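A quick write-up on the structure given underneath.
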Amino acid sequence: VAGDRLQLDKDFRIDVGYRHNFREFDDPVITSDNNGFIDVNMFWKPFDNLRLTAVVERYYDESTSSFGVIDDVKSYGVTFDWTVMPRWRLAGTTYFDDETALGDIIHYHKLTSTMSLTHDVNDHLELFVSGLTKWVDETVSDENYERFKIGTGARWKF
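Just so you know, we're using our numbering here: the sequence shown kicks off at 11 and counts up by one.
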């Protein structure tokens, strides 16, 4: 709804804003939900070949629960994008999500990290290898799981 940007340098800025989430539901038990939160987004480019960001935000997401009408998510994350050498880029993300299913007793803590190495063969073709790890803890029943994924491929750019 409202916010401000603190631009300390062309390579460093912090955006702070207040977000008000409101949603109406066609549900007899939960007819609506609304909440407010301070969102923060920080960008820093300490070197020409390295970009870092940090994000704090709250938003609604489609429910992962059978009985939930929507998920209320508080998310905290960091990302980096590093050009290691010409045509080679390493990028990564880590996010912690505190997720509550509205209309259900389910509450999740999720930690997700990704990493990718990309090589630009030419202006139209890039090759990549990427990995993902995800840890999910369901706090009501104290059940959790982990997931790992590795991928490789090619992207054709127009």
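Every residue gets a Cβ at the ideal spot worked out from N, C-alpha and C, and that includes glycine.
Computed from a predicted model, the values in this text were never measured in an experiment.
Counted within 10 angstroms of its Cβ, other Cβ atoms place residue i as buried (16 or more) or exposed
i, result
"Ile160", "exposed"
"Asp82", "buried"
"Ser76", "exposed"
"Gly13", "exposed"
"Glu109", "buried"
"Ile116", "buried"
Beta-carbon proximity of residue i to residue j, cut-off 8 Å
i, j, result
"Asn31", "Tyr69", "yes"
"Tyr118", "Asp147", "yes"
"Ile40", "Val79", "yes"
"Thr93", "Asn59", "yes"
Beta strand (DSSP E) segment containing residue i, residue limits
i, result
"Phe35", "Phe35 -> no beta strand (DSSP E), and no H or E assigned at all."
"Asn59", "Here Asn59 belongs to no beta strand (DSSP E), and DSSP marks it neither H nor E."
"Ser73", "Taken as a continuous stretch (DSSP letters only), Ser73 belongs to no beta strand (DSSP E), as it is neither H nor E."
"Lys84", "Ile80 to Met95"
"Asp173", "A query on residue 173 cannot be resolved here, the shown segment of the chain reaching from 11 to 168 and no further."
"Phe168", "From DSSP, Phe168 is part of no beta strand (DSSP E); its letter is neither H nor E."
"Asp19", "Ala12 to Asp19"
"Asp107", "Trp98 to Leu112"
Beta-carbon separation (whole angstroms), residue i vs residue j, contact threshold 8 Å
i, j, result
"Asp130", "Arg97", "4 Å"
"Arg29", "Gly46", "7 Å"
"Asp25", "Asn51", "4 Å"
For residue i, three-class secondary structure by DSSP
i, result
"His117", "strand"
"Ser207", "Residue 207 falls outside the range modelled here, since the chain spans only 11 to 168, and no answer is possible."
"His129", "strand"
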